[in-house]
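In our numbering, each residue's number is its place in the sequence shown (first place is 1) plus 1.
C-beta: ideal position from N, C-alpha, C; glycine also.
Computed from a prediction, not measured in an experiment: that's the story for all the values here.
Written below as structure tokens is the structure these notes are about.
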Amino acid sequence: MTRIVAGTVGGRRIEVPRSGTRPTSERVREALFARLDHYGVLDGARVLDLCAGSGALGLEAASRGAGEVTLVDSSRGASQTCQRNIRSLGLSGVSAVTAKAATFLAGPAGTPADLVLIDPPYELSEEELTAILTPLVRSEDPWLAPRTIVVVERSTRSPEPTWPAGLERFADKRYGETTIWFAEPA
């Protein structure tokens, strides 16, 4: 179990999938969302939480004012956990999808996202991460708005993501074994 740090359901506990996931620590989530609050990106935002696991990042965004959150995970068990967490928290505008992130991103985007949270398993290869980042910047039916913030969480031992053309890193922050990279459309 972990908990939502702040917002309308701050302090409430959420379920974590039994295996195969590594939820972002509460300390890292608190620091990440303090920075996102500073950027002014959360209020009413459309958020994609890719490789969602328990959905902790996307649910934290919803608790702090995001308007629409989509939790995407390839594991049926993780998606079911996300659905149970959505129901138990009673957050509106949050949905869970069972799909690989790259497969989901190959589909129609609809309204571009204001915030994209990518927290894949640490063992995910750089090639697989690039396959997630690349479709975000497609020119037709784009996933990103002009001021979207893309957040990638990785092990500190992992190299910096290979940013596709059209996406540019503007900050990074290390929290123990975790490094968070921030990027925006170039």
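Taking a contact as a CB-CB distance under 8 Å, the pair V73 and F105 counts as one, their CB atoms being some 5 Å apart. Relative to the Cα of R88, the nearest Cα in the group T180, D173, A184, E16 belongs to E16.
In the DSSP assignment, Y40 falls within the alpha helix (DSSP H) that extends over 27-40. By the criterion of a C-beta distance shorter than 7 Å, A57 is surrounded in its chain by T3, I15, P24, T25, R30, once the five residues flanking it on both sides are discounted. Here the stretch 153-170 lies against the stretch 113-131, with 3 or more beta-carbon pairs under 8 Å apart. S55 is positioned such that its CB atom lies no closer than 8 Å to that of V10.
A check of alpha carbon separations from E169 across F183, T157, D50, A53 identifies F183 as the nearest. Looking at E141, R36, L116, the one whose alpha-carbon comes closest to that of A107 is E141. Closest in alpha carbon position to R139, among A187, L125, I181, R155, is A187. By the neighbour-count criterion, in which 16 or more other beta carbons inside 10 Å mark a residue as buried, T22 falls on the buried side.
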